[in-house]
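A quick write-up on the structure given underneath.
Protein chains in written order, with our numbering: chain A, 1 to 258; chain B, 259 to 516.
As structure tokens, then:
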């Protein structure tokens with residue numbers, strides 16, 4: 001990126017173009033450059049890295065943000081980024097991919113279930129710096145003002161960062177007023193898991209059905225270098241993330257299988 | 259596991275209990291111990307790590323395999339494992355989780371789009387040794403005999419392996435007769451990506467629609483330690499995989515954001 005040219009910022013999410021979180025992200029991104037939005041046409045929380053294989057998908061142009069080209073995609077978050085790349089963005093150099101701002105934390109293992117992070121990961125797979133933003137607040141009336149403030153700082157720094165190997169950031173903002181947040185903390189993904197995951201009910205025909213629910217457990221509460229620790233202690237957590245799932249450190253111990 | 263007690267093996271997949279691949283896996287697993295199957299009630303390819311949040315899910319007992327308790331789940335592969343854990347398996351110690359055998363390779367970046375691997379990953383998240391199996395053949399008439407032979411070897415060795423930290427294996431079998439396969443190779447996930455991903459068509463109303471398609475590109479063709487290399491050279495690839503997506507090696511370089 002040179003000073004002469006405005007950066008091109010691509011934005012998606014997993015809640016659709018009418019969600020409050022993406023509106024905040026578009027406002028911030030507009031202050032840095034040209035913005036193009038392609039997002040799912042319905043909420044896609046928990047979609048993980050799903051892609052649509054057995055059905056066609058479509059793009060519908062919408063007027064969701066003033067002065068910003070925006071489209072709804074009938075597929076998943078990952079579909080939205082992939083399809084945008086091959087159609088709307090075809091041949092254009094994108095400087096930054098953003099996704100979110102999601103309602104609810106994508107810290108710890110939640111990254112693997114997250115549609116928000118799958119959209120950001122698709123950007124990184126294309127060799128573009130990409131950031132997924134989430135606030136640790138599932139409420140529909142979540143306050144995005146602290147997230148907006150920190151998104152502006154992080155986006156600005158990423159646009160100015162030297163062009164090295166592209167990075168993928170998982171950014172989570174605690175549920176706190178801006179004044180109470182202590183700053184940004186670079187961390188690793190905490191080991192954590194969901195427990196007691198289902199609520200059982202009985203339908204009018206006497207047949208049980210199950211809703212996913214449960215509570216999240218931090219499996220390393222004492223570690224101070226994790227995203228869960230940062231969030232719990234008033235920091236914005238930033239985890240540089242990857243899509244190489246090899247467990248390199250045990251490769252040599254696996255010879256017993258050959 | 260002691261010699262006195264038969265191991266309990268849990269099996270899921272992303273193609274449902276009537277798919278040919280899971281039948282092969284059940285046959286192999288039965289020779290080692292007790293088997294319980296819970297799998298989606300419809301094909302779920304490309305579902306990645308999706309979970310069902312906004313709808314209830316159900317379990318229906320089916321008689322898909324002789325002498326094996328088997329259930330269909332109305333959710334995703336990840337839902338199937340989660341729900342089985344909290345209901346059918348409640349309180350029982352599972353010795354091994356298997357998923358597959360999938361039609362089509364889940365090598366390289368395909369692990370992140372894979373319903374097969376998401377089921378195996380849910381097992382590993384519960385602290386259980388877990389293996390996802392795939393054959394590098396999308397054909398409905400794929401020959402599973404080589405996969406069956408190698409699944410038996412790998413399952414046997416994993417059941418005998420010392421109880422260390424649980425591992426998650428991504429196993430891919432080349433599309434070759436058993437006799438032509440050179441053996442098992444422990445490898446890392448290759449860097450690769452999908453290119454030219456969409457086919458555009460025009461519907462009867464003149465509106466475009468898109469199907470996901472494309473071809474896969476190995477981004478490091480010369481590296482001989484990857485799963486794509488192993489498959490292309492006649493080996494069964496085994497990648498020990500993880501769900502910590504932190505890019506540890508660049509953590510210290512990210513301080514410019516704070």
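From the three backbone atoms N, C-alpha and C, an ideal C-beta is built for every residue, glycine too.
Contact set between residue i and chain B, taken where Cβ atoms lie within less than 8 Å
i: residue 42/A; result: What residue 42/A touches in chain B: nothing, since even the nearest Cβ is about 10 Å away.
i: residue 68/A; result: Per Cβ cutoff of 8 Å: no residues; residue 68/A is ~22 Å from chain B at best.
i: residue 10/A; result: Neighbours of residue 10/A on chain B: none; closest Cβ ~16 Å, over 8 Å.
i: residue 45/A; result: 311, 312
Same chain, Cβ closer than 7 Å to residue i, neighbours up to 5 away in sequence not counted
i: residue 145/A; result: 178
i: residue 158/A; result: 96, 129, 131
i: residue 545/B; result: Nothing can be reported for residue 545/B, as the shown portion of chain B is limited to 259 through 516.
i: residue 506/B; result: none
i: residue 293/B; result: 267, 269, 284, 287, 326
i: residue 522/B; result: Residue 522/B is absent from the model: chain B starts at 259 and stops at 516.
i: residue 150/A; result: 173, 184, 236
i: residue 277/B; result: 271
i: residue 451/B; result: 367, 475, 477
i: residue 324/B; result: none
i: residue 92/A; result: 8
Beta-carbon spacing of residue i, residue j below 8 Å
i: residue 375/B; j: residue 390/B; result: yes
i: residue 87/A; j: residue 52/A; result: no
i: residue 433/B; j: residue 282/B; result: no
i: residue 359/B; j: residue 464/B; result: no
i: residue 231/B; j: residue 496/B; result: Outside the displayed range of chain B (259 to 516) lies residue 231/B, so it cannot be described from this structure.
i: residue 72/A; j: residue 340/B; result: no
i: residue 430/B; j: residue 394/B; result: yes
i: residue 448/B; j: residue 366/B; result: yes
i: residue 231/A; j: residue 105/A; result: yes
i: residue 13/A; j: residue 50/A; result: no
i: residue 315/B; j: residue 257/A; result: no
i: residue 444/B; j: residue 254/A; result: yes
i: residue 453/B; j: residue 473/B; result: yes
i: residue 337/B; j: residue 318/B; result: no
8 Å Cβ cutoff, residue i in contact with chain D
i: residue 86/A; result: Protein chains in the displayed structure are A and B, and chain D is not among them.
Residues near residue i by beta carbon distance below 6 Å, same chain, minus five either side
i: residue 70/A; result: 17, 37, 62, 64
i: residue 241/A; result: 168, 170
i: residue 15/A; result: 43
i: residue 357/B; result: 270, 271, 374, 377, 378, 390
i: residue 46/A; result: 113
i: residue 361/B; result: 396, 400
Closer than 7 Å at the beta carbon, the chain A residues around residue i
i: residue 341/B; result: 198, 210
Sequence-distant residues of its chain with Cβ nearer than 8 Å to residue i (five each side left out)
i: residue 501/B; result: 379, 382, 383, 426
i: residue 152/A; result: 28, 31
i: residue 164/A; result: none
i: residue 3/A; result: Here the model assigns residue 3/A a pLDDT of 49, short of 50, so the residue's position is not dependable and the matter cannot be decided.
is_contact[residue i, chain A] using C-beta, thresh 8 Å
i: residue 307/B; result: yes
i: residue 361/B; result: no
i: residue 497/B; result: yes
i: residue 425/B; result: yes
i: residue 451/B; result: yes
i: residue 480/B; result: no
i: residue 272/B; result: no
Chain B within 8 Å of residue i, Cβ atoms only
i: residue 258/A; result: yes
i: residue 174/A; result: no
i: residue 183/A; result: yes
i: residue 2/A; result: Unreliable positioning characterises residue 2/A in this predicted model, as indicated by a pLDDT of 46, which lies under 50. A coordinate reading is not provided.
Chain A residues whose Cβ lies nearer than 8 Å to that of residue i
i: residue 314/B; result: 201, 209, 210, 211
i: residue 383/B; result: 109, 193
Residues that residue i contacts on chain B, provided the C-beta gap is smaller than 9 Å
i: residue 251/A; result: 444, 445, 446, 483, 497, 498
Within chain B, the residues that residue i reaches when beta carbons sit closer than 7 Å
i: residue 247/A; result: 498, 499, 500
i: residue 255/A; result: 444
### Task
Using a Cβ-Cβ cut-off of less than 7 Å, give me the residues of the stretch 133 to 166 of chain A that come near chain B, in sequence order.
154, 157, 161
#### Entry: Contact residues within the stretch 367 to 380 of chain B, judged by C-beta distance below 8 Å to chain A
367, 369, 370, 371, 376, 379
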